[in-house]
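Numbering (our numbering), first residue to last: 110 to 293.
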């Protein structure tokens, strides 16, 4: 994570230097930047889904092992393992809420890209150049929906730990995300 932070700081500095030198960047630069932001957000969301799964598997794995010895927090050191081992039960709902926020951010990015594509299509009616290739946009939608279903599956599997108050709110947010993607 430190390496990512260092690389991000370097790239931000480079971006500032380029923006200072060249006031207007080409459209391809902005498009590539947007693609990278979406990919990073989607990877972060996939990581959250895996964290939720590890947390659920870790809490489900506590109890007696095959040899009859107690499993769980005794044999693990919290700092030696990734997040998810021996965590308090309130961490699962927090992790799921964070993942939902990231899902909604990714959804907004997809909807923004759809709006840009629609606008470019309208401008093409006036003679502007228009790239008709929908493959990148379709790939974005498919990857987002794939992660959506993975997260939904994890939430449904963890429904007992979430409680009667949180589960309906999460399901409503899931429905809103999916319906807004379908309507666009």
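The beta-carbon is built from N, C-alpha and C at its ideal position, and this holds for glycine as well.
Measuring CB to CB, does residue i end up less than 8 Å from residue j?
i           : j           : result
residue 201 : residue 157 : no
residue 218 : residue 147 : yes
residue 216 : residue 290 : yes
residue 325 : residue 213 : There is no way to answer for residue 325, as the model of the chain reaches only from 110 to 293.
residue 223 : residue 246 : yes
Identify, in the order they occur along the chain, each residue of the same chain with its Cβ nearer than 8 Å to the Cβ of residue i, setting aside the five sequence neighbours on each side.
i           : result
residue 189 : Unreliable positioning characterises residue 189 in this predicted model, as indicated by a pLDDT of 39, which lies under 50. The coordinate reading is nonetheless provided below. Excluding sequence neighbours, residue 189 sits near nothing in its chain.
residue 153 : 211
residue 230 : 239
residue 258 : none
Start and end of the alpha helix (DSSP H) containing residue i?
i           : result
residue 284 : 268-292
residue 212 : 200-233
Residue i by DSSP, collapsed to three states: which one?
i           : result
residue 115 : helix
residue 243 : coil
residue 126 : helix
residue 236 : coil
residue 120 : helix
residue 154 : helix
What residues in its chain sit with their C-beta under 6 Å from that of residue i, if we drop five residues either side in the sequence?
i           : result
residue 253 : 215 and 219
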